[in-house]
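Engineer: Top to bottom, those sequences are chains A and B.
Take the first sequence: its position 292, counted from the start at 1, is 292 in UniProt numbering, and no numbers get skipped.
Take the second sequence: its position 182, counted from the start at 1, is 182 in UniProt numbering, and no numbers get skipped.
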Amino acid sequence: MDTVIQQLFNAAQLGAVYALIALGYSMVYGIIRLINFAHGDIFMLGGFIGLLLTTHLGWLPFYLMMPLAMLLTALAGVAIERVAYRRLRHAQRMSVVITTLGVGIFLENLVRLTVGPETRQLPARLPTAPVLWLQNTLGAFVTWDKLLIILLSLALMAILWLVINKTLVGTAMRAVADNKDVVPLMGVNLNLIIAATFAIGSALAAAGGIFYGQAYSIDPYMGIDLGWKAFIAAVIGGIGSIEGAVLGSFLLAGVEVLTVAYLSSNLKNGIAFGLLILLLLVWPSGIMGKPMLKKV
Amino acid sequence: MNLRLLALLPLLVLAGCKPTAQELKIGVSAPMTGDISAIGQSTKNAIAIAQEEINAGGGIKVGDKLVKVRFVIEDDENKPESTATVFQKLINQDKVLAIIGSQTSKCSNAGAPIAEAAGIPQVTPWSTNPNVTKGRKFIFRACFIDPFQGRVVAQFATEKLKAKTAAVVYDVASDYNKGIAEVFRDEFTKMGGKIVGFETYNTKDTDFSAQFTKIKGGKPDVIFLPNYFNEVPLQIQQARKLGITATMLGGDGWDNPELVKLGGAVMNGAYFSNHYSPDIDNPIAKAFIATYQTRFKIVPDAAAALTYDCAQLLFKAMATAGKADSRAIREALAVTKGFQGVTGGITYAGSGDPVKGAVVIKVENGKFVFDSAVNP
């Protein structure tokens with residue numbers, strides 16, 4: 001019985017990281033209908049910025065290191081949008097998608113050349129002792145860092161929800177998502193709103209990268225596989241929907257972990273993705289997605 | 001016909017001629033980049049020493065004169081598909097006489113059919129999967145094979161650690177990991193132990209917590225992780241964070257300084273089987289380790305020691321053959337008897353697999369310490 005609860009914590013931790021990445025995919029898609037395939041590599045970049053900050057500025061406490069890494073990654077995200085995507089905003093869809101793939105490959109090789117190809121871990125800055133209360137009441141062996149990663153991720157998602165629903169920037173974002181041709185006529189600075197979306201998405205991905213480096217490990221190519229997983233989670237939840245991205249992520253992680261726990265680790269990806277295909281057959285635009293209307 | 005093209009004709013004639021050997025070219029296929037690039041670095045270091053040493057003496061005697069040796073190192077990225085390309089390039093473009101490599105079994109297995117078809121002898125330093133040489137005439141290796149290694153670890157677990165229950169977590173997408181995991185399972189059961197968990201993952205997975213949580217229920221005495229040094233520390237760390245206290249065991253894939261660099265204290269108290277130990281009392285090994293340490297400031301891992309042995313095996317075969325001919329080198333290599341290398345003696349008797357012993361190494365305070373030796 002104790003392992004069931006432990007497995008649920010495993011799934012929650014993995015799902016939290018998927019969600020932090022998936023949100024970026026979903027937000028950017030919601031605003032400019034662009035699938036930013038470099039987003040997985042932004043997540044990787046965030047993890048490595050976190051690594052460089054912890055190793056070179058060792059005195060920086062975690063609660064300062066993390067916002068700083070998020071800020072730097074946000075700047076990188078905005079810079080990429082400005083340099084690589086903005087000029088292509090009215091180009092063919094295919095040109096932009098290819099550009100995002102190119103940016104991803106550029107980032108992977110940039111990190112490989114400057115930091116090196118080895119697998120690394122972020123020095124442990126979160127306590128790794130087991131949470132005694134959980135051990136005594138539920139019999140589940142869960143370490144503090146796992147619990148903190150889950151809670152901090154949920155807190156970031158709550159902040160995002162507040163920003164989108166309660167602030168002016170958030171209102172503008174939702175308006176742009178609704179109609180990006182008319183909203184600028186109302187005096188909204190479109191470029192600024194798009195830059196803000198990239199900044200928020202990249203900052204969340206950086207948080208995911210740092211958590212991932214604490215819980216698991218980071219390497220220059222990790223963004224490829226995890227990026228795909230998060231992208232799929234976003235599609236399952238309904239791409240363009242914030243709540244959907246979170247829901248899809250926890251669902252994917254849950255199915256993955258429970259397949260290993262109760263069926264077979266050999267079948268992990270097969271069963272996880274088989275189930276997701278079935279879900280998409282029932283909800284073609286994702287669980288919380290809106291059917292796309294073609295504007296004439 | 002264009003006159004300028006005509007002027008090129010003599011060159012074509014020259015290219016068609018069999019060149020009088022001015023250098024003996026040996027190809028090397030190694031993972032210079034990618035997930036285990038540290039092994040590529042070890043390969044390159046060992047090759048550099050071997051090349052310098054042989055050429056300092058003038059080279060190898062071919063016919064009646066000494067000819068220098070030149071190595072051509074190519075990056076196979078630890079990917080089977082890239083290894084196939086590297087082998088084709090080494091054979092068709094560089095016209096090498098023999099190939100050293102690759103390091104991992106999955107890559108050597110991808111290159112072997114190409115070397116076999118071209119009649120180029122291939123000696124792999126570190127590929128322990130039996131299939132690499134099976135049914136092939138031109139493929140040799142300097143290391144023991146997995147059935148032996150799996151048995152060594154199973155025996156160590158039951159006899160020395162008195163383990164009654166064991167669990168295995170391995171990468172199902174890699175020939176090496178899968179092969180040794182299955183042998184361990186069978187041997188451990190045969191020796192009276194019980195396997196309480198046999199879990200898999202896929203190359204590049206980084207979250208193993210679901211597998212370990214599942215294993216935890218079976219309360220194993222030991223956990224066998226026949227995976228590579230870049231993943232093992234993360235696996236052990238995740239297992240410890242889930243409250244698992246079992247002794248961790250591994251195979252030769254653990255042997256690289258990165259293991260303790262990445263894992264730190266979490267690696268202490270773990271054991272793995274290996275090809276050699278730097279502590280071992282062998283004059284050839286001592287000389288090699290001393291040269292390697294002065295030059296590269298680190299102790300050579302098994303991949304480096306085995307690569308050096310591969311080069312020496314080829315030098316010896318070339319000298320015996322006495323000509324720059326791949327088939328003659330293969331014939332000389334196949335009858336190698338009583339060769340003494342850094343990792344011990346090598347004799348080929350009818351196949352490309354040498355009969356060799358293994359050592360068990362313990363990780364203590366971030367150092368690899370010799371624990372025991374096992375002979376076949």
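Using N, Cα and C, we set each Cβ at its ideal position, and we do this for glycine too.
#1: Roughly how many angstroms lie between the CA atoms of residue 196 (chain B) and residue 237 (chain A), to the nearest whole one?
#2: Mind checking which residues open and close the alpha helix (DSSP H) that includes residue 209 (chain A)?
#3: Using 9 Å as the limit for Cβ to Cβ distance, is residue 202 (chain A) near chain B?
#4: Please list, in chain order, all residues of the same chain as residue 180 (chain A) whose beta carbon is under 8 Å from its beta carbon, the five residues on each side excluded.
#5: Have a look at B:198, B:68, B:36 and B:153 and flag the residue whose alpha-carbon is nearest the alpha-carbon of residue 324 (chain B).
#6: Short check: CB of residue 389 (chain B) to CB of residue 172 (chain B), under 9 Å?
#7: Chain A partners of residue 38 (chain B), CB-CB under 8 Å?
#8: Going by the DSSP bridge assignment, what does residue 143 (chain A) pair with across the sheet?
#9: I'd like the span of the alpha helix (DSSP H) that includes residue 331 (chain B), first residue to last.
#10: When you compare the CB of residue 348 (chain B) with every CB in chain A, is at least one pair closer than 9 Å?
#11: Straight-line CA distance for residue 32 (chain B) to residue 40 (chain B)?
#12: Taking contact to mean at least 3 C-beta pairs separated by less than 8 Å, is the segment 52-68 of chain B in contact with the segment 88-97 of chain B?
#13: So, at 6 Å on beta carbons, what are the nonlocal neighbours of residue 226 (chain B) in its own chain, with the 5 sequence-adjacent residues on each side left out?
#14: Please report the straight-line C-alpha distance between residue 357 (chain B) and residue 371 (chain B), rounded to a whole angstrom.
#15: Name the chain B residues that come within less than 9 Å of residue 214 (chain A), Cβ to Cβ?
#16: Please report whether the beta-carbon of residue 130 (chain A) lies at a distance below 9 Å from any beta-carbon of chain B.
#17: Report the residue ranges of all alpha helix (DSSP H) runs contained in full by the segment 52-132 of chain B; include only those spanning at least 4 residues, in chain order.
#18: What's the gap between the Cα of residue 22 (chain B) and the Cα of residue 87 (chain B)?
#19: What is the C-beta distance between residue 145 (chain A) and residue 127 (chain A), in whole angstroms, given that I count them as a contact (C-beta under 8 Å)?
#20: Output the distance between the C-alpha atoms of residue 239 (chain B) and residue 8 (chain A), rounded to the nearest integer angstrom.
#21: So, is the C-beta of residue 83 (chain B) closer than 9 Å to a C-beta in chain A?
#22: Taking residue 121 (chain B) as the reference, which of B:99, B:141 and B:128 has the closest Cα?
#23: Please give me, in chain order, every unbroken run of the alpha helix (DSSP H) with length at least 4 that falls completely inside the segment 249-274 of chain B.
#24: Residues in its own chain within less than 7 Å of residue 221 (chain A) by CB, not counting five upstream and five downstream?
#25: Identify, in the order they occur along the chain, each residue of the same chain with its Cβ nearer than 8 Å to the Cβ of residue 367 (chain B), setting aside the five sequence neighbours on each side.
#26: Applying the 10 Å Cβ sphere with the 16-neighbour rule, what's the burial state of residue 185 (chain B)?
#27: What are the start and end residues of the beta strand (DSSP E) that includes residue 24 (chain B)?
#28: Alpha carbon to alpha carbon, how far is residue 271 (chain A) from residue 305 (chain B)? Give it in angstroms, no decimals.
#29: Using 8 Å for Cβ pairs, my map puts residue 374 (chain B) next to residue 360 (chain B). What's the rounded Cβ distance?
#30: Run through the DSSP bridge pairs and tell me what residue 374 (chain B) is partnered with.
#31: Does residue 176 (chain B) come within less than 9 Å of chain A when only Cβ atoms are used?
#32: Less than 9 Å between CB atoms is the rule here; does residue 172 (chain B) satisfy it with respect to chain A?
#33: Would you say residue 273 (chain A) faces chain B, with C-beta separation under 9 Å as the test?
#34: Shortest alpha-carbon distance to residue 243 (chain A) belongs to which of A:14, A:27 and A:5?
#35: Compute the Euclidean distance between the alpha carbons of residue 288 (chain B) and residue 235 (chain B), then round it to the nearest angstrom.
#36: In or out: residue 58 (chain A) buried (at least 16 other Cβ within 10 Å) or exposed?
Structural biologist: With the given structure in hand:
#1: Here residue 196 (chain B) refers to the residue found at position 196 of the second sequence. Here residue 237 (chain A) refers to the residue found at position 237 of the first sequence. Straight through space, the alpha carbons of residue 237 (chain A) and residue 196 (chain B) are spaced by roughly 37 Å.
#2: By 1-based counting over the first sequence, the position of residue 209 (chain A) is 209. For residue 209 (chain A), the uninterrupted alpha helix (DSSP H) run begins and ends at 190-215, by DSSP.
#3: Along the first sequence, one-based indexing puts residue 202 (chain A) at 202. For residue 202 (chain A), no Cβ of chain B is located within less than 9 Å of the residue's own Cβ.
#4: Here residue 180 (chain A) corresponds to residue number 180 of the first sequence, with the count starting at 1. 31, 32 and 190, listed in sequence order.
#5: As a first step, residue 324 (chain B) must be located in the second sequence, where it is residue number 324. The candidate whose alpha carbon is nearest that of residue 324 (chain B) is B:68.
#6: The structure shown has nothing for residue 389 (chain B), since chain B only spans 1 to 376.
#7: On the second sequence, position 38 is the one that residue 38 (chain B) refers to. Correct list: 118.
#8: Mapped onto the first sequence, residue 143 (chain A) falls at position 143. Among the bridge pairs identified by DSSP, residue 143 (chain A) is matched with A:130.
#9: One-based indexing of the second sequence puts residue 331 (chain B) at position 331. That run of the alpha helix (DSSP H) goes 326-334.
#10: In the second sequence, counting from the first residue as 1, residue 348 (chain B) sits at position 348. Contact of residue 348 (chain B) with chain A is not assigned, every C-beta pair being separated by 9 Å or more.
#11: Position 32 of the second sequence, counted from the first residue, corresponds to residue 32 (chain B). Position 40 of the second sequence, counted from the first residue, corresponds to residue 40 (chain B). So the alpha carbons of these two residues sit roughly 4 Å apart.
#12: No, they do not touch.
#13: Position 226 of the second sequence, counted from the start, is the residue given in the question as residue 226 (chain B). Sequence-distant partners of residue 226 (chain B) (beyond 5 residues in either direction) whose C-beta falls short of 6 Å from its own C-beta, in its chain, are 170, 177, 180, 181 and 251.
#14: To locate residue 357 (chain B), count along the second sequence from 1; it is residue 357. To locate residue 371 (chain B), count along the second sequence from 1; it is residue 371. Taking C-alpha positions only, residue 357 (chain B) is separated from residue 371 (chain B) by approximately 14 Å.
#15: Indexing the first sequence from 1 puts residue 214 (chain A) at position 214. Near residue 214 (chain A) there are no residues of chain B at all, since even the closest Cβ is about 11 Å away, more than 9 Å.
#16: The sequence position of residue 130 (chain A) within the first sequence is 130, counting from 1. Taking Cβ atoms only, chain B reaches closer than 9 Å to residue 130 (chain A), which makes this a yes.
#17: You should have 80-88 and 105-118.
#18: The residue given as residue 22 (chain B) occupies position 22 in the second sequence. The residue given as residue 87 (chain B) occupies position 87 in the second sequence. Take the alpha-carbon of residue 22 (chain B) and the one of residue 87 (chain B): they are about 22 Å apart.
#19: Indexing the first sequence from 1 puts residue 145 (chain A) at position 145. Indexing the first sequence from 1 puts residue 127 (chain A) at position 127. Confirmed, Cβ separation roughly 6 Å.
#20: Mapped onto the second sequence, residue 239 (chain B) falls at position 239. Mapped onto the first sequence, residue 8 (chain A) falls at position 8. Roughly 16 Å between the two C-alpha positions.
#21: The count along the second sequence starts at 1 and reaches residue 83 (chain B) at position 83. No Cβ of chain A is located within less than 9 Å of the beta carbon of residue 83 (chain B).
#22: Sequence index remark: in the second sequence, residue 121 (chain B) carries index 121 (1-based). Taking the Cα of residue 121 (chain B) as reference, the smallest distance to any Cα among B:99, B:141 and B:128 is reached at B:99.
#23: Given a length threshold of 4 residues, each whole run of the alpha helix (DSSP H) inside the segment 249-274 of chain B is given here in chain order: 258-263.
#24: Residue 221 (chain A) sits at position 221 when you count from the first residue of the first sequence. The answer, listed in chain order, is 108.
#25: Position 367 of the second sequence, counted from the first residue, corresponds to residue 367 (chain B). Excluding sequence neighbours, residue 367 (chain B) sits near 260.
#26: Numbered from its first residue, the second sequence carries residue 185 (chain B) at position 185. Per the 10 Å Cβ criterion, buried.
#27: The residue given as residue 24 (chain B) occupies position 24 in the second sequence. Note, residue 24 (chain B): beta strand (DSSP E), 23-30.
#28: Within the second sequence, the letter at position 305 stands for residue 305 (chain B). Within the first sequence, the letter at position 271 stands for residue 271 (chain A). One C-alpha to the other measures close to 43 Å.
#29: Position 374 of the second sequence holds residue 374 (chain B). Position 360 of the second sequence holds residue 360 (chain B). The Cβ separation is near 7 Å, so the contact holds.
#30: Indexing the second sequence from 1 puts residue 374 (chain B) at position 374. Under the DSSP definition of a beta bridge, residue 374 (chain B) partners with B:358.
#31: Stepping through the second sequence from its first residue, residue 176 (chain B) is reached at position 176. So no, residue 176 (chain B) is outside the interface.
#32: Residue numbering aside, residue 172 (chain B) sits at position 172 when the second sequence is read from its first letter. For residue 172 (chain B), the answer is yes, since a Cβ of chain A falls inside 9 Å of its Cβ.
#33: Mapped onto the first sequence, residue 273 (chain A) falls at position 273. No - not a single Cβ of chain B is within 9 Å of the one on residue 273 (chain A).
#34: Position 243 of the first sequence holds residue 243 (chain A). If we check each option's Cα against that of residue 243 (chain A), A:27 comes out closest.
#35: Residue mapping note: residue 288 (chain B) aligns to position 288 of the second sequence, counting from 1. Residue mapping note: residue 235 (chain B) aligns to position 235 of the second sequence, counting from 1. Their Cα atoms are separated by approximately 33 Å.
#36: By 1-based counting over the first sequence, the position of residue 58 (chain A) is 58. It is exposed - the Cβ of residue 58 (chain A) has fewer than 16 other Cβ atoms within 10 Å.
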